[in-house]
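J.:
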Amino acid sequence: MKKISPILILIVILLLIGVTDASYLTYEHYRDFLPPCSNNIFLDCGRVLRSQYSVVFGIPLAVLGLIHYIILTMLIVFSVIKKKHWLTDLIFLLSAAGVVVSLYLVVLQLFVIRSVCFYCMLSALNSVLLYFLIRYYFWPQYQRLFFIKQGFLYRTIIKPLFFLVDAELVHVSMVNFGAQLGNISVTRGLIKRFYTYDNQMLRQKVAGIVFSNPIGLSAGFDYEAKLTSVLPAIGFGFETVGTITNRPYEGNVKPRLGRLPKSQSLLVNKGFKSEGAEVISKRLESKRFAFPVGISIGRTNIATFKKQKEAVQDIVQAFHKFEKSKVKHTYYELNISCPNLIGGISFYPLPNLKELLDEIKKLHLEKPVFVKMPIEKNDQEVRGMLDLITNYQVAGVIFGNLQKDRRNPVFDRQEIVFWKGKIGHFSGKPTYKRSNELISLAYRHYHQKLVVIGCGGVFTAQDAYTKIKLGASLVELITGMIYQGPQLIGEINLQLVDLLKNDGLKNISQAVGIENR
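All residue numbers for the sequence shown refer to the UniProt record's numbering, where the first residue is 1 and numbers rise by one.
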């Protein structure tokens with residue numbers, strides 16, 4: 001026999017108290033008799049119960065309270081048995097209404113009637129306790145509703161305000177704010193309580209690393225490595241810090257960020273803005289990570305590199321600095337695909353890519369390496385790159401980076417015209433289709449040799465699940481969070497479990513590549 005939760009027992013006791021209290025007051029009302037109660041300046045049940053506020057539309061409040069408790073009791077019983085989301089939603093709504101009405105009546109007693117009824121205050125306290133205990137007991141269901149409310153709040157109030165301000169200023173401010181939240185254990189705990197959704201169905205081991213869930217923050221957001229403490233609390237299963245370069249680089253000429261709301265996209269032109277490997281590694285050395293953290297490394301974005309070999313050695317030196325450091329990261333990302341770099345050096349030609357991989361091979365890295373791939377190359381070019389990559393000890397590939405094609409049909413034409421002449425390339429929905437095509441290609445031909453990670457255009461759980469079913473073991477995002485809100489990560493994880501159950505699967509790993517097997 002399944003053990004009954006002590007919280008559920010306490011909820012039942014409070015409901016019985018509420019029913020008893022309301023029944024007694026109803027009985028006394030129709031008997032026209034006042035219940036035992038002290039009569040002084042502060043406590044006067046008669047003054048409260050016989051006031052004009054004790055009846056609404058001819059119905060005694062005690063009767064309404066009794067109906068409230070009976071309906072709430074019935075809903076909880078049915079919800080425990082049937083486990084339907086709509087039942088718990090009604091419970092949350094009814095318990096919240098009970099608190100609101102109770103607080104209103106308390107205000108009336110204190111400031112209008114200027115007397116307090118003991119039985120009414122007992123009912124108010126009962127309603128408040130039920131409000132919190134119900135949410136504690138039905139936490140997984142309440143979290144679903146919480147995500148919906150937070151998403152609505154973000155999209156209707158917070159995002160419009162953010163979008164009135166320069167995009168990069170908002171980004172810098174939010175990163176610094178998030179860093180402060182992450183430094184305080186109490187705030188981390190509160191954020192984790194509301195935003196993190198944990199479920200064993202999402203846990204898996206990829207490339208020897210255990211991930212609590214498949215949703216990660218991709219490189220390009222936390223390039224100063226300030227958010228490693230707060231991101232696990234928000235619900236991310238992992239993070240890629242960076243991209244980090246060997247030497248510091250202040251970033252390309254502004255504007256480096258722009259918004260295309262109708263296209264669900266961002267114009268990005270940071271060009272590996274970085275404080276440099278030495279500064280970042282020192283910042284991270286004292287950190288103990290609560291989830292897998294990867295270090296994304298790319299070449300320093302300077303025009304002084306005249307030869308391919310110089311750029312290769314620059315990347316190798318960045319790897320050296322992290323290898324010599326005491327940073328407790330879990331994996332590396334080799335970013336060869338940023339389209340916003342100067343100098344004309346490219347790692348797309350196979351001889352150039354081979355030279356880079358040869359030098360990295362000499363490092364004898366113990367941590368897995370994932371290569372961040374472009375999405376603008378055709379299938380034949382991508383396969384050529386993947387054929388070469390599989391000759392090295394590379395754990396996997398990430399598809400992919402930014403969209404360069406401004407003729408992509410996803411773009412709103414007016415938004416593209418607005419950004420005409422501005423340097424940069426695009427994240428978000430314009431990357432989604434091609435990213436999925438390349439995930440599918442990589443999984444079909446290389447899944448026995450390479451782990452595939454999906455990145456680009458993830459705004460919903462269905463977006464993430466599509467990438468997973470095409471072959472992505474893990475999914476990264478940035479733009480979706482900016483447009484949808486920080487609750488998106490928990491919301492995706494929660495709904496991924498729903499999608500797995502609908503497909504009759506028990507673990508997220510079973511869904512990987514299911515459409516390409």
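Even glycine gets a Cβ: it sits at the ideal position worked out from N, Cα and C.
Nothing here was measured: the structure is a model prediction, and the numbers come from that model.
Answer with buried or exposed for Val-263, where buried requires no fewer than 16 other C-beta atoms within 10 angstroms of its C-beta.
T.: Translated into positions along the sequence shown, residue 263 becomes position 263. For clarity, residue 263 is Ser in the given sequence; the question names Val instead. So Ser-263 counts as buried.
J.: Output needed for Asn-516: all residues of its chain with C-beta closer than 7 Å, excluding positions within five of it in sequence on either side, in chain order.
T.: The count along the sequence shown starts at 1 and reaches residue 516 at position 516. Answer for Asn-516: Ser-440, Tyr-443, Arg-444, Leu-470, Gly-471, listed in chain order.
J.: So, Leu-231 versus Ser-427, is the Cβ gap smaller than 8 Å?
T.: Position 231 of the sequence shown, counted from the first residue, corresponds to residue 231. Position 427 of the sequence shown, counted from the first residue, corresponds to residue 427. Against a cut-off of 8 Å, the Cβ pair of Ser-427 and Leu-231 comes out as no contact.
J.: Classify residue 521 as helix, strand or coil using the three-state DSSP reduction.
T.: Any question about residue 521 goes unanswered here, given that the chain covers just 1 to 517.
J.: Identify the residues that DSSP records as bridge partners of Cys-455: which are they?
T.: One-based indexing of the sequence shown puts residue 455 at position 455. For Cys-455, which the question treats as bridged, DSSP gives the partners Glu-476.
J.: Just checking, does the segment 195-206 make contact with the segment 498-517 on the three C-beta pairs under 8 Å criterion?
T.: A contact exists between the segment 195-206 and the segment 498-517.
J.: Counting along the chain, where does the alpha helix (DSSP H) carrying Thr-187 start and finish?
T.: Indexing the sequence shown from 1 puts residue 187 at position 187. Looking at the DSSP string, the run of the alpha helix (DSSP H) that includes Thr-187 is 185-195.
J.: Roughly how many whole angstroms lie between the Cα atoms of Ser-23 and Asp-44?
T.: For the purposes of this step, residue 23 is identified with residue 23 of the sequence shown, where counting begins at 1. For the purposes of this step, residue 44 is identified with residue 44 of the sequence shown, where counting begins at 1. C-alpha separation (whole angstroms): 20 Å.
J.: Buried or exposed for Met-74, please, with buried defined as at least 16 other CB atoms from any protein chain shown within 10 angstroms of its CB.
T.: The count along the sequence shown starts at 1 and reaches residue 74 at position 74. Counting Cβ neighbours within 10 Å, Met-74 comes out exposed, since fewer than 16 surround it.
J.: If you count every other CB in all the chains shown that lies within 10 Å of the CB of Thr-88, and 16 or more means buried, which is it?
T.: Position 88 of the sequence shown, counting from 1, holds the residue named residue 88. Looking at its Cβ environment, which holds 16 or more other Cβ atoms inside 10 Å, Thr-88 is buried.
J.: Answer with buried or exposed for Gly-456, where buried requires no fewer than 16 other C-beta atoms within 10 angstroms of its C-beta.
T.: Along the sequence shown, read from residue 1 onward, the residue named residue 456 stands at position 456. With 16 or more other Cβ atoms within 10 Å, it is buried.
J.: Are at least three pairs of beta-carbons, each pair with one atom in the segment 410-426 and one in the segment 378-395, less than 8 Å apart?
T.: Counting Cβ pairs under 8 Å, fewer than three are found: no touch.
J.: Using DSSP bridges, identify the partner residues of Gln-204.
T.: For the purposes of this step, residue 204 is taken as residue 204 along the sequence shown, with counting starting at 1. Paired residue(s): Phe-211.
J.: What is the DSSP secondary structure of Lys-372, counted as helix, strand or coil?
T.: Your numbering for residue 372 matches position 372 in the sequence shown. Looking at Lys-372 - three-state DSSP - the assignment turns out to be strand.
J.: Between Gly-485 and Val-172, what straight-line distance do the alpha-carbon atoms span, to the nearest angstrom?
T.: Locating residue 485 in the sequence shown gives position 485, counting from the first residue. Locating residue 172 in the sequence shown gives position 172, counting from the first residue. Answer to the nearest angstrom: the Cα atoms are 16 Å apart.
J.: Over the uninterrupted beta strand (DSSP E) stretch that includes Leu-334, give me the two end residues.
T.: Position 334 of the sequence shown, counted from the start, is the residue given in the question as residue 334. Note, Leu-334: beta strand (DSSP E), 331-335.
J.: Quick one: is Leu-94 near chain B, going by C-beta distance under 8 Å?
T.: Here chain B cannot be found, since the structure has a single protein chain.
J.: Classify Tyr-69 as helix, strand or coil using the three-state DSSP reduction.
T.: Mapped onto the sequence shown, residue 69 falls at position 69. The answer is helix: DSSP assigns Tyr-69 an H, G or I state.
J.: Would the segment 446-464 and the segment 191-202 be scored as touching if the rule is three or more Cβ pairs under 8 Å?
T.: Cβ pair count under 8 Å is below three, so no.
J.: For Thr-243, count the other beta carbons within 10 Å of its own beta carbon; 16 or more makes it buried, fewer makes it exposed. Which is it?
T.: What you label residue 243 is simply residue 243 of the sequence shown in a count that begins at 1. The residue in question, Thr-243, is buried, as its Cβ has 16 or more Cβ neighbours within 10 Å.
J.: Name the residue from Val-112, Val-175, Ser-95, Thr-156 whose alpha carbon lies nearest to the alpha carbon of Ala-225.
T.: Indexing the sequence shown from 1 puts residue 225 at position 225. Ranking the options by Cα distance to Ala-225, first place goes to Val-175.
J.: When you compare only the Cα positions, how much space is there between Met-1 and Thr-26?
T.: Counted from its first residue, the sequence shown places residue 1 at position 1. Counted from its first residue, the sequence shown places residue 26 at position 26. With a pLDDT of only 49 at Met-1, under the threshold of 50, the placement of this residue in the model should not be trusted, and no figure is reported.
J.: If you draw a straight line from the alpha carbon of residue 518 to that of Thr-479, how long is it in whole angstroms?
T.: Residue coverage of the chain in this structure runs from 1 to 517, which leaves residue 518 outside it and unanswerable.
J.: Residue range of the beta strand (DSSP E) that Phe-147 falls in?
T.: Looking up residue 147 in the sequence shown gives position 147. Per DSSP, Phe-147 belongs to no beta strand (DSSP E); it is in the alpha helix (DSSP H), 139-153.
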